[in-house]
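Undergrad: 2 is the number of the first residue of the sequence shown in my numbering; add one for each residue after it.
Idealized CB from N, CA, C, for every residue including glycine.
Attaching a single structure in structure tokens format; questions to follow.
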Amino acid sequence: METPDLPAIRALRPAWNKGRIVGQRRPRKPKHVWAIRVLLELNQNHRDLVLFNLAIDSELLGCDLVNFKVVDVMASRQIKERASDLQSKTQKPVRFESSEGTRASLATWMREPLMVGSEYLWPARFHERLHISTRQYARIVRDGVTSIGLEATAYGAHSMRKTKVTQIDKKTGNLRAVQLLRKHTKNGQHSLVSRC
């Protein structure tokens with residue numbers, strides 16, 4: 002019996018995730034959120050502070066967050082207490098309430114010269130882009146985490162979505178409230194939410 006020609010054996014490459022932490026990242030603890038907010042306020046980094054605050058309040062994916070427009074959070078020169086945004090993957094509206102701190106940081110950010118006449122809440126510096134990218138958002142989140150001495154690989158941009166519900170769960174212990182916020186059904190089934 003003839004043996005077929007086998008392809009040449011190639012040297013094994015190391016796996017892309019070798020030595021990396023993979024899987025779900027941890028949500029930020031209240032002390033981490035507070036430390037990052039204080040540091041951003043001290044550095045007068047208004048854009049990143051608003052981005053950080055809205056990411057926690059809205060629980061949106063990064064691709065939806067960077068697409069925020071000024072009209073989504075402001076009406077008649079007033080910051081809205083409640084806002085909504087359409088998820089790009091599911092095409093379902095997401096409603097959320099902005100905290101007092103978020104509204105104050107938004108008001109400060111809207112007075113910046115960069116925001117004059119801007120359609121998007123986080124305009125890009127380059128004219129070919131209308132707003133910051135999701136990669137830039139991830140870098141901002143990573144920089145916030147490392148600025149307070151945490152390991153960047155343990156806290157990802159996607160885990161920003163879990164921060165608010167984790168804090169509610171720890172404070173109240175109300176599992177049903179957490180399920181409603183995370184879009185779980187009564188029987189424990191999770192509704193499918195696609196990532197960007």
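Run through the DSSP bridge pairs and tell me what A76 is partnered with.
TA: On the sequence shown, residue 76 is found 75 positions in, with the first residue counted as 1. Answer is Q79, bridged to A76.
Undergrad: Are the Cβ atoms of A108 and I80 separated by less than 8 Å?
TA: As a working note, residue 108 is residue 107 in the sequence shown. As a working note, residue 80 is residue 79 in the sequence shown. A contact, by the Cβ cut-off of 8 Å.
Undergrad: So within the segment 35-116, which uninterrupted alpha helix (DSSP H) runs reach at least 4 residues, ignoring any that extend past its ends?
TA: 47-59, 63-66, 71-74 and 101-111
Undergrad: So who's on the other strand from H132, going by DSSP bridges?
TA: Against the sequence shown, residue 132 aligns to sequence position 131. According to DSSP, which records beta bridges pairwise, H132 is partnered with P124.
Undergrad: Distance check for S89 and N54, CA to CA, integer angstroms please.
TA: Locating residue 54 in the sequence shown gives position 53, where the first residue counts as 1. Locating residue 89 in the sequence shown gives position 88, where the first residue counts as 1. Those two C-alpha atoms are separated by around 20 Å.
Undergrad: Taking buried to mean at least 16 other C-beta atoms within 10 Å of its own C-beta, is T147 buried or exposed?
TA: Sequence index remark: in the sequence shown, residue 147 carries index 146 (1-based). The residue is exposed, with fewer than 16 neighbouring Cβ atoms inside 10 Å.
Undergrad: According to the neighbour-count rule (16 or more other Cβ atoms, all chains shown, within 10 Å of its Cβ), is S192 buried or exposed?
TA: Taking the first residue of the sequence shown as position 1, residue 192 is located at position 191. Only weak support is given to the placement of S192: the predicted model assigns it a pLDDT of 39, under 50, and the question is left unresolved by the model.
Undergrad: Just to confirm, are I149 and L40 a CB contact at a threshold of 8 Å?
TA: As a working mapping, residue 149 is identified with position 148 in the sequence shown. As a working mapping, residue 40 is identified with position 39 in the sequence shown. The beta carbons of I149 and L40 sit closer together than 8 Å.
Undergrad: Where does G63 land, buried or exposed, given buried means 16+ other C-beta within 10 angstroms?
TA: Looking up residue 63 in the sequence shown gives position 62. With 16 or more Cβ atoms within 10 Å of its Cβ, G63 is classed as buried.
Undergrad: Since R139 and L131 are thought to touch, with beta carbons under 8 Å apart, how far apart are those beta carbons, to the nearest angstrom?
TA: By 1-based counting over the sequence shown, the position of residue 139 is 138. By 1-based counting over the sequence shown, the position of residue 131 is 130. It is Ala, not Arg, that sits at residue 139 in the sequence shown. So it is not a contact: roughly 18 Å between Cβ atoms.
Undergrad: Between the C-alpha atoms of K19 and L13, what's the straight-line distance to the nearest angstrom?
TA: Stepping through the sequence shown from its first residue, residue 19 is reached at position 18. Stepping through the sequence shown from its first residue, residue 13 is reached at position 12. Taking the Cα positions, K19 is about 13 Å away from L13.
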